[in-house]
Amino acid sequence: MLPIPRRSRSALSRLAAATIVVTPLLWSCSNNQTDTGSGTETDATAGADDGSISNGALPAFQASTPATGARVDLEGGWDDASKHVRVRLYVAGFANLLGLAGHLRFDPSALKLTALTGAPVPLGPSKDTLTWEARTMAKESPAGRVLLGGARFRKKPNPYVGPEGAVVDRELWVTLEFEVLQPGTHTIAFDPASTTARNDGNEEVSATWGSGQIVWKQGGVK
Amino acid sequence: MNTHLKLLALAAATAVLAAGAALAVPVQPAASVDLPPLPGTAFARKVQAQQREAHEQLSRLPQYTPAAWAAQDFAGMPAQKWTIVHQDITAEVVAATKTLSTTVKVTVRANKSGIQKLDFVSLEISDATVLDADGNELTATTEAAGQGYGMLSITLPAPLTVDQDQTFEVTSKAVLDCNGDEGLMSCSFDSSFKSVVLVRYYLWSAVSSYSPFTSDLHVITAADEVAAAPGVPSGPVKLESGKLIWSFAQEEITDNAGFSIAEYEPLVVDAKGDLPTVRVYAIQPSADNAQTMADLGQQIIAAYGGWFVKFPWQGLNMIQLANNFGGGYAPLGAAFLYGEVFGMEPSDQDYGQWQSTVELIAHEIAHQWWGNLVAPLGAGNVCLSESLSEFASCLYTETALDNRSQILGDNLSYIFTVPDASDRPMTSSTVYYSAAYIQIIYHKGAVVFDMLRRELGDEVMLKSLSAYAQKYHRDYAKVEQLRAVLEETSGQDLGWFFKQWFSGKGAIRAHLAARFLPQDDGTWTVRFQVTQKAENLKRFQLVLAIDLADGKTEERVVEIAPSATETVVLAEVQVPSQPVRVRADPQRLLLRAFTVTTPGDVNLSGLVDGRDLVDMAIRHGRGVVFTAKNGNDYFMPDTGFNEIYDVAPDNRIDIDDVDTLIPWAGVEAEPF
Ligand SMILES: [Zn+2]
Chain A
0 MLPIPRRSRS
10 ALSRLAAATI
20 VVTPLLWSCS
30 NNQTDTGSGT
40 ETDATAGADD
50 GSISNGALPA
60 FQASTPATGA
70 RVDLEGGWDD
80 ASKHVRVRLY
90 VAGFANLLGL
100 AGHLRFDPSA
110 LKLTALTGAP
120 VPLGPSKDTL
130 TWEARTMAKE
140 SPAGRVLLGG
150 ARFRKKPNPY
160 VGPEGAVVDR
170 ELWVTLEFEV
180 LQPGTHTIAF
190 DPASTTARND
200 GNEEVSATWG
210 SGQIVWKQGG
220 VK
Chain B
0 MNTHLKLLAL
10 AAATAVLAAG
20 AALAVPVQPA
30 ASVDLPPLPG
40 TAFARKVQAQ
50 QREAHEQLSR
60 LPQYTPAAWA
70 AQDFAGMPAQ
80 KWTIVHQDIT
90 AEVVAATKTL
100 STTVKVTVRA
110 NKSGIQKLDF
120 VSLEISDATV
130 LDADGNELTA
140 TTEAAGQGYG
150 MLSITLPAPL
160 TVDQDQTFEV
170 TSKAVLDCNG
180 DEGLMSCSFD
190 SSFKSVVLVR
200 YYLWSAVSSY
210 SPFTSDLHVI
220 TAADEVAAAP
230 GVPSGPVKLE
240 SGKLIWSFAQ
250 EEITDNAGFS
260 IAEYEPLVVD
270 AKGDLPTVRV
280 YAIQPSADNA
290 QTMADLGQQI
300 IAAYGGWFVK
310 FPWQGLNMIQ
320 LANNFGGGYA
330 PLGAAFLYGE
340 VFGMEPSDQD
350 YGQWQSTVEL
360 IAHEIAHQWW
370 GNLVAPLGAG
380 NVCLSESLSE
390 FASCLYTETA
400 LDNRSQILGD
410 NLSYIFTVPD
420 ASDRPMTSST
430 VYYSAAYIQI
440 IYHKGAVVFD
450 MLRRELGDEV
460 MLKSLSAYAQ
470 KYHRDYAKVE
480 QLRAVLEETS
490 GQDLGWFFKQ
500 WFSGKGAIRA
510 HLAARFLPQD
520 DGTWTVRFQV
530 TQKAENLKRF
540 QLVLAIDLAD
550 GKTEERVVEI
560 APSATETVVL
570 AEVQVPSQPV
580 RVRADPQRLL
590 LRAFTVTTPG
600 DVNLSGLVDG
610 RDLVDMAIRH
620 GRGVVFTAKN
630 GNDYFMPDTG
640 FNEIYDVAPD
650 NRIDIDDVDT
660 LIPWAGVEAE
670 PF
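First to last, the sequence lines map onto chains A and B.
Going by numbering that gives the first Met the number 0, the final residue of the first sequence carries number 221, and the count climbs one at a time with no gaps.
Going by numbering that gives the first Met the number 0, the final residue of the second sequence carries number 671, and the count climbs one at a time with no gaps.
Right under this line is the structure:
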């Protein structure tokens with residue numbers, strides 16, 4: 000177009016370009032994991048019978064998440080105090096994580112979300128709260144879809160320093176409590192099109208988004 | 000953002016969520032910051048240089064002119080009764096007293112009979128003696144005209160003979176005032192440099208632009224000094240006193256002038272092919288770097304020569320001035336530039352030094368085409384000089400340095416630092432007197448020409464500018480004349496564009512919303528909504544980068560062309576799979592400030608969710624307001640800033656924005 004040869008891109012110009020053009024996402028995500036059985040915490044308090052869920056076996060939680068690699072893993076089980084199934088989401092195995100997000104879905108006719116608590120993620124192992132803070136978004140909207148997000152922010156930001164991803168060994172992200180409305184096997188999983196995990200270069204980080212099942216075997220309800 | 004506003008924003012969001020509906024009122028953008036640029040940055044240096052150049056402009060185009068003429072162009076003005084044909088100027092400066100002594104042989108020609116009194120404008124002079132061609136002294140009076148200017152009136156014993164040249168010799172002195180921050184900046188002195196801008200006499204009856212002439216300049220210096228000026232140099236001739244006299248022939252008809260004296264070590268790079276002779280006048284140690292400057296000058300000339308028309312003059316003299324000059328200016332055949340520029344090399348990347356050097360030199364050299372070859376006809380057409388030169392410079396840095404930081408900085412500067420009260424149309428005849436003159440004419444002007452380039456395409460744009468230069472070379476032009484050439488070359492009606500961007504003020508200020516709609520065949524529709532205020536409806540081509548869940552990006556261009564009453568414009572585009580994000584004008588090609596209609600939906604997905612939070616984290620810390628260590632706020636053209644993410648509007652993306660966004664989780668775009 001313009002008859003002047005372009006010079007090779009300087010580091011400065013690459014930086015300038017990076018600030019205005021969001022890098023195309025490199026998507027890699029495996030949501031088709033089936034049950035590996037690991038990392039689960041089931042029937043921790045099995046045997047209790049509070050009468051609220053009839054007199055049969057208590058609902059249990061089974062997670063489907065690998066134990067290694069960048070991942071969001073789930074663990075959970077019956078919570079006797081609340082008489083609900085409590086599920087915790089952990090963010091784990093990231094070398095450079097600036098933020099992540101996804102829609103967690105379940106069948107609202109079978110599960111009722113009774114409590115939802117987010118913890119600031121990702122912060123990184125140092126938990127250097129002088130330099131960093133994190134914010135988490137956690138909201139059910141509409142019923143059966145939980146909008147989740149977490150991102151890390153520099154406490155004293157300026158245009159010269161830019162974002163910096165965290166090394167995340169394993170950090171608690173979200174705690175959910177469900178009332179189980181119906182017997183059966185109820186899947187809790189991320190909508191594959193909704194998930195994203197990004198590093199400080201705004202690149203998509205390949206991660207495994209775990210899922211889980213709340214299983215309530217008929218018990219006394221017959 | 001102050002706490003009160005933040006609480007209000009949160010309260011609003013909470014109320015909406017409770018009601019289960021999206022907010023009808025979009026977030027309003029932050030007000031203009033009206034702040035000076037962050038000191039020490041390349042951008043601050045550039046703005047300073049532009050301000051200095053604007054001062055030089057003023058000293059060459061005396062403000063002190065009949066008000067009615069200064070306020071409009073000269074399209075309807077009757078032919079002048081007499082004109083200056085040539086001046087032969089001999090000048091000497093005494094640094095200690097900042098006294099300029101001149102002997103000017105002025106050749107005039109009457110166009111009408113009965114001309115017996117001649118009024119000239121120049122510096123405020125004293126001790127004037129005027130002799131006719133036979134050496135007879137004529138009656139002359141001098142009068143202060145304000146701001147360092149003066150008027151010289153010569154009364155002739157008999158009227159001038161029509162169409163016959165007559166020469167007078169005017170000898171006078173002037174005391175230079177180099178300190179004016181406002182008004183006349185006629186000189187710049189330090190221990191190494193003595194430079195003077197205004198040495199000529201101009202017709203009193205018109206601003207100087209309208210009395211150009213050919214000239215010879217002779218500068219007297221001490222034996223160890225060298226003079227530099229526009230034109231073809233000759234000499235020096237040694238006087239009996241031991242002083243030297245340096246001559247510069249200006250064969251072209253022009254209104255500009257100026258010279259400088261220093262211990263220059265000139266480097267002359269001879270003309271080659273289409274490239275003219277380039278002479279670099281610099282003192283040590285910068286003189287050792289003269290080849291770098293000459294190379295840069297020739298590269299810029301080569302680019303412009305290819306884009307516009309061949310370099311039109313006999314040569315280009317790049318002349319170093321005192322560092323305290325702080326800027327540059329470009330009379331015909333020369334670029335005067337402040338000192339430190341001449342020491343810069345491509346390896347000087349700290350603080351953008353080389354970049355700002357190239358920007359400045361490319362701007363000044365562009366004036367050889369825009370301002371000198373084709374001169375703007377009057378105050379309302381100054382964009383034909385300054386905006387086009389800045390545009391050319393941006394085009395040069397985009398191509399040669401492979402980055403758009405110059406045009407982006409110009410864009411952000413206009414958008415974020417011009418209060419409504421200071422804004423004027425580019426073609427306003429009073430634009431010079433706006434506090435935002437630099438932002439309107441240099442910064443917005445460059446972006447407006449760049450948007451025109453996007454409308455027409457590079458090839459048609461450059462072809463049009465070339466045709467314009469060919470049609471109006473060595474002449475004055477008006478904006479409408481440039482428009483006519485552009486329309487002829489492109490075959491497009493550009494009336495709307497010129498009305499919107501040249502004779503209208505402001506920028507695109509729009510609220511954006513998007514919705515993603517799945518289709519039966521598996522594709523998706525992105526429905527896009529642009530809302531503008533009725534009093535500021537702008538037409539533009541909007542690039543949408545649509546990021547898909549599979550990691551691909553689809554780019555679409557939508558035409559936003561509202562009718563006279565249409566505040567809301569809808570557009571629909573199809574993409575092959577599920578979108579996750581829309582980036583509107585991702586390269587900031589437009590002069591715009593966008594906000595989102597759906598509060599918190601910064602990525603325009605139609606839903607506020609965690610992706611908005613992550614997208615905000617990427618932008619966190621970006622801002623066009625920078626608080627320095629001294630606690631003061633400054634403007635900073637951070638090209639990573641995107642006002643869409645500034646949801647708690649304060650012109651920076653900080654934790655207030657994050658905390659404002661989070662409560663909006665789950666808000667969906669209102670159906671449209
Ligand atoms: Zn200029």
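Just so it is clear, CB atoms sit at the ideal spot from N, CA and C, and this is done for glycine as well.
On a predicted model such as this, the values are computed, not experimentally measured, just so you know.
Using C-beta distances below 6 Å, list every residue in its chain close to Ala66/B, excluding the 5 sequence neighbours before and after it, in chain order. Only weak support exists for where Ala66/B lies, its pLDDT of 35 falling under 50; the value from the coordinates is given anyway. Once the five neighbours on either side are set aside, Ala66/B has no close Cβ partner at all.
Does ligand 1 have even one heavy atom less than 6 Å from the beta-carbon of Ser386/B? no
Identify the continuous beta strand (DSSP E) that holds Arg70/A and give its terminal residues. Arg70 to Asp78
Looking at chain A, is there any beta carbon in it that lies within less than 7 Å of the beta carbon of Gly609/B? yes
Here's the rule I'm using: 16 or more other beta-carbon atoms within 10 Å means buried, otherwise exposed. How should Ala533/B be labelled? exposed
Cutoff 7 Å; reference Asn535/B; Cβ partners in own chain excluding five residues on either side: Gly505 and Arg508
Give me the subset of the stretch 613-637 of chain B whose CB atoms are less than 8 Å from a CB atom of chain A, sorted by chain position. Val613, Met615, Ala616, Ile617, His619, Gly620, Arg621, Gly622, Phe625, Met635 and Asp637
Suppose contacts are defined by Cβ-Cβ distances below 7 Å. Is Trp369/B in contact with Ser346/B by that definition? no
Taking the beta carbon of Asp696/B as the centre, do at least 16 other beta carbons fall within 10 Å, making it buried, or is it exposed? The question about residue 696/B has no answer here: the residues shown for chain B are numbered 0 through 671.
Drop a sphere of 10 angstroms on the beta-carbon of Gly68/A, count the other beta-carbons inside from all chains shown, and report buried for 16 or more, exposed for fewer. exposed
Under the three-state reduction of DSSP, which class applies to Lys216/A: helix, strand or coil? coil
Phe625/B to Val373/B, Cα distance in whole Å? 39 Å
Coil, strand or helix - Tyr159/A by DSSP: coil
Flag Glu534/B as yes when its Cβ comes closer than 6 Å to any non-hydrogen atom of ligand 1, and as no otherwise. no
Let me see if you follow: with CB-CB separation under 7 Å, is Lys111/A close to chain B or not? no
Beta-carbon of Pro38/B versus every beta-carbon of chain A: anything under 7 Å? no
In angstroms with no decimal places, state the Cα-to-Cα distance between Ser108/A and Gly620/B. 43 Å
Among Thr213/B, Phe307/B, Leu37/B and Gly325/B, which has the Cα closest to the Cα of Leu359/B? Gly325/B
Should Lys221/A be labelled buried (16 or more other beta-carbon atoms within 10 Å of its own) or exposed? With a pLDDT of 35 at Lys221/A, under the threshold of 50, the modelled position of this residue cannot be trusted; read the value that follows with caution. Exposed: under 16 other Cβ atoms inside 10 Å.
Please find out if some non-hydrogen atom of ligand 1 comes closer than 6 Å to the beta-carbon of Glu52/B. yes
Which parts of the stretch 90-151 of chain B are runs of the beta strand (DSSP E), unbroken and 3 residues or longer, counting only runs that do not cross its ends? 98-109, 116-122, 124-130 and 138-145
Chain B contact for Ala118/A (CB, 7 Å cutoff): no
Can Gly209/A and Ala165/A be called in contact, C-beta distance under 7 Å? no
What's the call for Trp495/B, buried or exposed, on a 16-neighbour Cβ count within 10 Å? exposed
Neighbour list for Gly327/B in chain A, Cβ cutoff strictly below 7 Å: Result: empty, since nearest Cβ-Cβ is about 22 Å, beyond 7 Å.
Report yes or no: do the stretch 138-152 of chain B and the stretch 95-108 of chain B share at least 3 C-beta pairs separated by less than 8 Å? no
Leu590/B and Asn402/B: beta carbons closer than 7 Å? no
Residue-level contact to chain A via CB, Gln577/B, 7 Å cutoff: yes
Run through the stretch 554-603 of chain B for me and flag every whole beta strand (DSSP E) of 3 or more residues, listed as ranges in chain order. 567-574, 578-583 and 591-595
Interface partners of Ile661/B on chain A, CB under 7 Å: Arg134 and Met136
Given a threshold of 16 other Cβ atoms within 10 Å of its Cβ, counted over all protein chains shown, does Gly743/B qualify as buried or as exposed? Nothing can be reported for residue 743/B, as the shown portion of chain B is limited to 0 through 671.
Measuring only between beta-carbons, confirm whether Ile654/B sits less than 7 Å from chain A. yes
For Gly444/B, collect the residues of the same chain with a Cβ closer than 8 Å to its Cβ; drop the 5 residues on either side in sequence, then sort them by chain order. Cys382, Glu385, Ser386, Leu387, Glu389, Phe390 and Met425
C-alpha gap between Thr207/A and Ile439/B, whole angstroms: 51 Å
Ordered along the chain, which non-local residues of its own chain (more than five positions away) have a Cβ less than 6 Å from that of Arg51/B? Gly325 and Gly326
For Phe152/A, which residues in chain B fall below 7 Å Cβ to Cβ? Ala616, His619, Ile654 and Val657
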